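Numbering (this note's numbering), first residue to last: 25 to 408. Yeah, the Cβ is synthetic: ideal placement off N, Cα and C, and Gly gets one too. On a predicted model such as this, the values are computed, not experimentally measured, just so you know.
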């Protein structure tokens, strides 16, 4: 077998990689910085299992009935957990509940190479590592296999990820598990690891990085910022002035399949969907305190079951899903392709990142580093 499916359709879920019985499939990063399956012809036995596991090739095109879904404005009553999250901190409540029942939680973390990968935890103290948005393609590795092994042992598992990753997991499992709970995110799209590496080198200049937070609330939830902690300085920049966030939000560095996502408009397979409740000021003004509000969408009975378990820990107000979609269009629609995308990726190999920023005019003001270290030095000098 030469390939699983056309490259522009592949969502990178890694279901084929997990399912291959002979290990003939490798996940390779392409020239743009995205993961794709590559088949080793010498190991391939042409069983066709990779195609059977593909959620794109085997989509049943069944859409959820929007009338049966319920949407809520919500946030965690625990202010510390809420402030550490990207929006309202609902995921932390779900994760704690599963772990309290001796279950496992699967989600995305930032690894030692400053890249994102999926991992599995069983300790409440580790939940904070899974909290917060990570605007980068996550390496699934063999996590689906680990999830299946634990489900077969009757462990409760909460799996979180993008809609395509959850669809990939469901295809890989090939049957429903009563002990599996899934939560996806309202996904804008997946940015390139290649762009991310060049950006980090531009910001940190190859220095050690201690912590990365894509959605810091130093300036509030609505003016969220990129935070990168280094040994002697801290970078904390509003998303309006941060180069990486502006590249991401301009749709210029996303995975090709994200421009025609197969998991929009109700074609999702999760029990719960979480995202930012943009437009909250037009619906529930008393909840709009700039600390973060989650849009919580319950998709099925399992979702309602989980909601009942955490109700006492959260503030919850039901809203009309149809009315909030104009403020959260990614629920229903793929992002539009930036017409300069191809030119951008060609330039990425030939010009430095500073010139990329200047050429594509992605930020309103010249990028500036807010170094906490230098602020401290100035304060010490003034005291003297």
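Nearest to residue i by CA position, among the options, is which residue?
i, options, result
"residue 271", "323, 135, 385, 121", "385"
"residue 36", "52, 59, 53", "59"
"residue 179", "150, 158, 145", "145"
"residue 38", "79, 346, 69", "79"
"residue 296", "330, 273, 304, 308", "330"
"residue 347", "137, 366, 304", "304"
"residue 340", "96, 369, 251, 257", "96"
"residue 30", "320, 280, 197, 337", "280"
"residue 410", "220, 383, 63, 132", "Only positions 25 to 408 of the chain appear in the structure, and residue 410 is not among them; the question remains open."
"residue 206", "181, 220, 152", "181"
"residue 325", "372, 383, 204", "204"
"residue 183", "64, 223, 142, 269", "142"
"residue 103", "373, 201, 338", "338"
"residue 336", "125, 202, 118, 92", "118"
"residue 176", "199, 166, 147", "199"
What residue range is occupied by the uninterrupted alpha helix (DSSP H) comprising residue i?
i, result
"residue 168", "167 to 176"
"residue 105", "103 to 108"
"residue 192", "187 to 197"
"residue 223", "217 to 228"
"residue 76", "73 to 77"
"residue 153", "151 to 154"
"residue 48", "From DSSP, residue 48 is part of no alpha helix (DSSP H); its letter is neither H nor E."
"residue 82", "No alpha helix (DSSP H) contains residue 82, which DSSP labels as neither H nor E."
"residue 42", "39 to 43"
With a Cβ-Cβ cutoff of 9 Å, do residue i and residue j count as a contact?
i, j, result
"residue 187", "residue 294", "yes"
"residue 209", "residue 298", "yes"
"residue 67", "residue 48", "yes"
"residue 318", "residue 113", "yes"
"residue 227", "residue 364", "no"
"residue 218", "residue 327", "no"
"residue 292", "residue 190", "yes"
"residue 110", "residue 116", "no"
"residue 98", "residue 286", "no"
"residue 284", "residue 32", "yes"
"residue 138", "residue 274", "no"
"residue 154", "residue 129", "yes"
"residue 162", "residue 192", "no"
"residue 197", "residue 168", "yes"
"residue 222", "residue 377", "yes"
"residue 45", "residue 69", "yes"
"residue 267", "residue 381", "yes"
Looking only at its own chain, which residues have a Cβ that is under 6 Å from the Cβ of residue i, when we skip the five neighbours before and after it?
i, result
"residue 394", "Residue confidence is low: residue 394 scores 42 on pLDDT, short of 50, so the model does not pin down where it sits. Its coordinate-derived value is still stated next. Here the set comprises 260."
"residue 73", "43"
"residue 248", "239, 263"
"residue 213", "278, 282, 359"
"residue 369", "56"
"residue 306", "none"
"residue 26", "none"
"residue 220", "160"
"residue 236", "134, 252"
Looking only at its chain, what residues have a beta carbon closer than 7 Å to the beta carbon of residue i, apart from the 5 residues adjacent to it on each side?
i, result
"residue 302", "351, 352"
"residue 349", "355, 356"
"residue 234", "253, 254, 255"
"residue 94", "322, 342"
"residue 40", "28, 49, 61, 74, 77, 78"
"residue 404", "Confidence in residue 404 is poor, its pLDDT being 42 and thus under 50, which makes the residue's placement too unreliable to answer from."
"residue 158", "132, 134, 140, 238"
"residue 106", "99, 100, 112, 113, 315, 316"
"residue 400", "Legend: pLDDT at residue 400 = 42, less than 50; position of this residue unreliable, value from coordinates given subsequently. Nothing listed; no residue qualifies."
"residue 406", "Legend: pLDDT at residue 406 = 47, less than 50; position of this residue unreliable, no value from coordinates given."
"residue 269", "250, 263"
"residue 174", "128, 181"
"residue 136", "none"
Leaving out five residues on either side along the sequence, give the residues of the same chain with a beta carbon under 8 Å from the beta carbon of residue i.
i, result
"residue 121", "330, 333, 334"
"residue 383", "371, 375"
"residue 309", "none"
"residue 224", "138, 233, 252"
"residue 398", "Model confidence at residue 398 stands at a pLDDT of 44, short of 50, so the residue's coordinates are unreliable and nothing is read from them."
"residue 312", "304, 305"
Could you check where the beta strand (DSSP E) with residue i kicks off and where it finishes?
i, result
"residue 61", "59 to 63"
"residue 337", "Neither: residue 337 is in no beta strand (DSSP E) and is coded neither H nor E."
"residue 116", "Not the beta strand (DSSP E): residue 116 falls in the alpha helix (DSSP H), residues 114 to 124."
"residue 209", "204 to 209"
"residue 97", "94 to 100"
"residue 134", "128 to 134"
"residue 310", "Residue 310 -> no beta strand (DSSP E), and no H or E assigned at all."
"residue 141", "140 to 145"
Just checking residue i against the ligand NAP - is the residue's beta carbon closer than 8 Å to any of the ligand's heavy atoms?
i, result
"residue 251", "With respect to small molecules bound, the structure shown includes none, and the ligand NAP cannot be examined in it."
Restricting to runs no shorter than 3 residues, where is the beta strand (DSSP E) found entirely within the segment 241 to 306? 249 to 253, 258 to 262, 296 to 300
Runs of beta strand (DSSP E) wholly within the segment 322 to 382 (minimum 3 residues, chain order): Qualifying beta strand (DSSP E) stretches, in chain order: 338 to 343.
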